[in-house]
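Trainee: Chains as they are written, first to last, in the working numbering: chain A, 1 to 80; chain B, 81 to 286.
C-beta: ideal position from N, C-alpha, C; glycine also.
Input: one structure, supplied below.
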Amino acid sequence: MKRLAILVCVTAAFTVLSACGEKPQTLGSGARSDTAAFQGTDNAFAAPGWTKGDKASWEQGLKARAQNSQNEYTKTGTSK
Amino acid sequence: MARMKFVCDAERCIECNGCVTACKNENEVPWGVNRRRVVTLNDGVPGEKSISVACMHCSDAPCMAVCPVNCFYRTDEGVVLHDKDICIGCGYCSYACPFGAPQFPAAGTFGVRGKMDKCTFCAGGPEVNGSQAEFEKYGRNRLAEGKLPACAEMCSTKALLAGDGDVVADIFRNRVVQRGKGAEVWGWGTAYGSKQAGQPPAGAKS
């Protein structure tokens, strides 16, 4: 009788805990977070003139680059 | 805060495809995928205009709205990027995009559609900035190197402008004032929501 009770208890425990080993099967959703561009890179191709990790410096560097490389009127001094 | 935008000056574009080549080279874009292309309006008609088109990184991006797995995200600079590990290649974004930006490599078995690929404004993806993993999936991260997109920097006539919206709009406005014509910016109103911009003058053909 005692052996039967133990057997029933063990079976019940296995049944109740059987779902604990389940792995989640939901699809991943939502993009991972990205590092901000002003944090810079570790490669050797970074443009000089700005400080890595300093947002204001990065923005200023890009603005200067945009004006110098895309606005020829700044070179001729005829900007209105 | 910088808000990255593209402007294509149709008065200056000479259809050289330098932007297309620069993009393909810089990002090692696979065969059959063109993140950027040059489109000619009124081709063959005197006065035809050419414009360089890619993802415009819209203020209210329709691709983001329709993506069923929410793989898109927007950076603090307004660049619309996506996570290829989440993308399922369903193609909804392709139907939603007014610029035809999303591209799908067709090299898979049985013609299966691969993960979506598009212009990243040379800002890579969610992987570590400048890493090999980021390069292989999305191409170069020039923004993190303090540079502007390769297409705009390579443009021989500076028809294609890229950078902070205020800066590129100022450069373009100055040009229009100097030459006295060509104020239409194709796609600007669609992408960035301005009602008065991008409207052709009354009586124009296109």
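Applying a beta-carbon distance threshold of less than 9 Å, which residues of chain B neighbour D34(A)?
Mentor: Under the 9 Å cutoff, chain B gives Y153, T155, L161, D163, A203, G204, G205, P206, E207, N209.
Trainee: Short of 7 Å Cβ to Cβ, which residues in the stretch 40 to 57 of chain A face chain B?
Mentor: From the stretch 40 to 57 of chain A, only G40, T41, D42, N43, F45, A46, A47, W50 have a Cβ closer than 7 Å to chain B.
Trainee: In its own chain, which residues sit with a C-beta less than 8 Å from the C-beta of A46(A), not counting the 5 before and 5 after it?
Mentor: Once the five neighbours on either side are set aside, the close Cβ partners of A46(A) are G40, K52.
Trainee: What residues in the stretch 63 to 77 of chain A bring their beta carbon closer than 8 Å to a beta carbon of chain B?
Mentor: Listed by position, the residues of the stretch 63 to 77 of chain A near chain B (Cβ gap below 8 Å) are K63, R65, A66, Q67, S69, Q70, N71, E72, Y73.
Trainee: Alpha carbons only, please: which of F179(B), K195(B), A176(B), C177(B) is nearest the one belonging to P185(B)?
Mentor: The candidate whose alpha carbon is nearest that of P185(B) is K195(B).
Trainee: If I'm right that G158(B) touches H137(B) with Cβ under 8 Å, what's the distance once you round it to whole angstroms?
Mentor: The pair is a contact, with the Cβ atoms about 6 Å apart (cut-off 8 Å).
Trainee: From which residue to which residue does the beta strand (DSSP E) around K63(A) run?
Mentor: Element bounds for K63(A): not the beta strand (DSSP E) but the alpha helix (DSSP H), 55 to 70.
Trainee: If you draw a straight line from the C-alpha of S286(B) to the C-alpha of K217(B), how long is it?
Mentor: Its pLDDT being 47, under 50, S286(B) is placed unreliably by the model, and the measurement read from it follows with that caveat. Looking at the two C-alpha atoms, the distance is approximately 37 Å.
Trainee: Around the Cβ of F14(A), are there at least 16 other Cβ atoms within 10 angstroms (buried) or fewer (exposed)?
Mentor: F14(A) comes out exposed.
Trainee: Quick check: what's the CA-CA separation for F179(B) versus S33(A)?
Mentor: One C-alpha to the other measures close to 26 Å.
Trainee: List the residues that DSSP assigns as beta-bridge partners of R117(B).
Mentor: Bridge partners of R117(B): V133(B).
Trainee: Return the chain-ordered ranges of every alpha helix (DSSP H) run that is complete within the stretch 172 to 234 of chain B and spans a minimum of 4 residues.
Mentor: You should have 172 to 176, 212 to 218, 230 to 234.
Trainee: Could you tell me which chain A residues have their CB closer than 9 Å to the CB of A263(B), listed as they occur along the chain?
Mentor: Residues of chain A passing the Cβ test: none, with the nearest at roughly 14 Å.
Trainee: Starting from the Cα of A44(A), find the closest Cα among N254(B), E225(B), V265(B) and give me that residue.
Mentor: Among N254(B), E225(B), V265(B), the Cα nearest to that of A44(A) is on E225(B).
Trainee: Taking the alpha carbon of I94(B) as the point to measure from, which residue in V109(B), V118(B), N114(B) has its own alpha carbon closest?
Mentor: Looking at the Cα atoms, V118(B) is the closest of the given residues.
Trainee: Does DSSP put V159(B) in a helix, in a strand, or in coil?
Mentor: Coil.
Trainee: Anything in chain B within Cβ reach of G61(A), meaning under 7 Å, just list it in chain order.
Mentor: Here the neighbours are G226.
Trainee: Counting contacts by CB-CB distance shorter than 8 Å, is I94(B) in contact with chain A?
Mentor: No, I94(B) does not count as interfacial toward chain A.
Trainee: May I have the straight-line CA-CA distance separating G245(B) from A82(B), to the nearest angstrom?
Mentor: So the alpha carbons of these two residues sit roughly 7 Å apart.
Trainee: Closer than 7 Å by beta-carbon distance: list the chain A residues that pair up with I297(B), in chain order.
Mentor: Outside the displayed range of chain B (81 to 286) lies residue 297(B), so it cannot be described from this structure.
Trainee: From A230(B) to R220(B), what does the alpha carbon distance come to, in whole angstroms?
Mentor: Distance between the alpha carbons of A230(B) and R220(B): 9 Å.
Trainee: Rounding to the nearest angstrom, what Cα-Cα distance links A239(B) and E91(B) in this structure?
Mentor: Looking at the two C-alpha atoms, the distance is approximately 8 Å.
Trainee: In whole angstroms, what is the alpha-carbon distance linking N122(B) and S132(B)?
Mentor: C-alpha separation (whole angstroms): 15 Å.
Trainee: By Cβ distance, which residues of its chain are closer than 7 Å to A56(A), with the 5 residues on each side in sequence left out?
Mentor: There are no such residues.
Trainee: Identify, in the order they occur along the chain, each residue of the same chain with its Cβ nearer than 8 Å to the Cβ of E59(A), setting aside the five sequence neighbours on each side.
Mentor: Only F38 meet the Cβ criterion.
Trainee: Where does D250(B) fall in DSSP's three states?
Mentor: The answer is helix: DSSP assigns D250(B) an H, G or I state.
Trainee: Apply the 10 Å Cβ neighbour rule to I6(A) and answer buried if 16 or more other Cβ atoms are within range, or exposed otherwise.
Mentor: Exposed is the call here.
Trainee: Compare the C-beta of G21(A) against all C-beta atoms of chain B and say whether one is closer than 8 Å.
Mentor: Cβ-Cβ to chain B under 8 Å: no for G21(A).
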